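Trainee: Next up is a structure, given as structure tokens.
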Amino acid sequence: MLYALLEGASEELQIERQVLDGCLYSIGKLDNFSLILFDDVPGGAGHVRQMANANNLKSILAATLHHLERCECGGDEADTSCYGCLRHYRNQHCHEVLNRGSIIRFLREAL
């Protein structure tokens, strides 16, 4: 979800993907995480603050879903990812587990 959200936010806010980043923060249990988002420029640029606006957040989630649905990797199941949807140079360490389909299903329910 983290990398999908970063892609959707960069599209919706019309900013370069490199200026946003994030990480997962474990909360107690092994399967309970928080998303930590941050501007990846010195001094910040205010993009994460823009994302936190309720109207922007809904638009960003919709843009994220649209971004993922446009991709055709993984066939009908969408059980993988590619550099067109979720993969990025900075997330090479987790390419094997990035799954476009599970995020699409989550976002469809959330929206």
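Each number in the numbering used here comes from the position in the sequence shown (counting from 1) with 1 added on.
Yeah, the Cβ is synthetic: ideal placement off N, Cα and C, and Gly gets one too.
Being a predicted model, the structure only gives us computed values, none of them experimental.
1. Under 8 Å between the Cβ atoms of Cys-86 and Cys-95?
2. Exposed or buried, which one is Asp-22 when buried takes at least 16 other CB atoms within 10 Å?
3. Which residue comes first and which comes last in the beta strand (DSSP E) that contains Tyr-26?
4. Should Thr-81 and Glu-8 be called a contact, given that it needs their Cβ atoms to be closer than 8 Å?
5. Tell me, please, which residues DSSP counts as bridged to Leu-38.
Mentor: Quick answer:
1. No; because the gap between Cβ atoms is not below 8 Å, this pair is not in contact.
2. By the 10 Å Cβ count, Asp-22 comes out buried.
3. Taken as a continuous stretch (DSSP letters only), the beta strand (DSSP E) holding Tyr-26 covers 21–27.
4. Their beta carbons are not under 8 Å apart, which means Thr-81 does not touch Glu-8 by this criterion.
5. According to DSSP, which records beta bridges pairwise, Leu-38 is partnered with Gly-23.
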